[in-house]
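Residue numbers (the numbering used here): -9 to 284. These notes concern the structure reproduced below.
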Amino acid sequence: MPTRISGLWLPLITPFKDGAVDFASYERLIDHYIGHGVDGLFPLGTTGESPTLDEAEIDELVDRTVARAAGRVQVFVGVGGNATHKVARTLRRLERFAFEGIVSVCPYYNRPSQDGLLAHFRGVASATDRDVVIYNIPYRTAVNLSNDSLLELSLVPNIVGVKDSSGSVAQSLELLARKPADFAVLTGEDALYFTMMANGGDGGILAASHLMTERFVEVGRRFAANDVAGARAAWAPLAQSVPLLFAEANPMPIKYLLWRQGLIASPECRLPLTKISDGLARKLDSFFVERAAA
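Structure follows, in structure tokens:
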């Protein structure tokens, strides 16, 4: 039976130290964010630098995420690609791990037609008995899954929702107006979290919620209580912080701040990502670190 998904989901970073995955920091993050009230965990997304991980690292990250979460929240693993048969093969490899579902990005670079996108996601859904959330992010993939196509895919029993990063407010609002009640629309546009929730969104999968997590949780709680004014008040400082976190390539600014706060041992990313500029580091210190110390 498909699971109803909603609320605040965290697309976890993958900490590195001296070139290797820092599993101690990773498990500490899982406990930290579950303790701060996130509703779900999404390892192995772009925020988790999944393209830079090898199969053994991926398998161990999935294993440790499931073990550490220990049923406290749902886990949806990033499993996507631009070759449908390879996505199916990865799903078979990960079958032994007890996570609830996957988040699967639109095939990138090869720019399939809407027919190709429909066939791809039907193929992915048929390759697993777990729930599938589609991730539509055209400004990274060079292809936009239309609302018509997405709503057609919503009829597939185990396609339960979308991480919507269409980049078009009009497209996103139309999707909210047309979606079936049992199909979840979670925004992946951090800056639009308030807007999407105010228009009937089911939640968000938000990299920015690595910081000021309790504020993001509070926005969702206020909307659940029909307190729009309270949600707006909770959102106000987030509206200022989100642009800073994406001023340079994600997740470099987030990793810098988690390192400054002592949550991870190193701000390292894997090439081709490097580290933030000194100028952005000063801005982030001024906004986040000094504010936390005040």
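Think of the CB as a built atom: it goes at the ideal place given N, C-alpha and C, for glycine as much as any other residue.
DSSP state of residue i mapped onto helix, strand, coil
i           : result
residue 37  : coil
residue 230 : helix
residue 254 : coil
residue 4   : coil
residue 121 : strand
residue 244 : helix
residue 195 : strand
Whole-angstrom distance between residue j and residue i, CA atom to CA atom
i           : j           : result
residue 271 : residue 246 : 8 Å
residue 0   : residue 33  : 8 Å
residue 89  : residue 65  : 5 Å
residue 276 : residue 40  : 30 Å
residue 35  : residue 218 : 30 Å
residue 93  : residue 195 : 10 Å
Status (buried if at least 16 other CB within 10 Å, exposed otherwise) for residue i
i           : result
residue 169 : buried
residue 227 : exposed
residue 110 : buried
residue 262 : exposed
residue 59  : buried
residue 37  : buried
residue 55  : buried
residue 200 : buried
residue 121 : buried
Spatial neighbours of residue i in its chain, beta-carbon cut-off 7 Å, leaving aside the 5 residues before and after
i           : result
residue 175 : 151, 152, 154, 165, 166, 169, 191, 192
residue 132 : 98, 99, 101
Beta-carbon proximity list for residue i, same chain, < 6 Å, skipping 5 on both sides
i           : result
residue 186 : 177
residue 27  : 207
residue 222 : none
residue 71  : 77
residue 103 : none
request  = Identify every run of the beta strand (DSSP E) within the stretch 48 to 97, keeping only runs that are complete inside it and at least 3 residues long; order them along the chain.
outcome  = 64 to 68, 91 to 95
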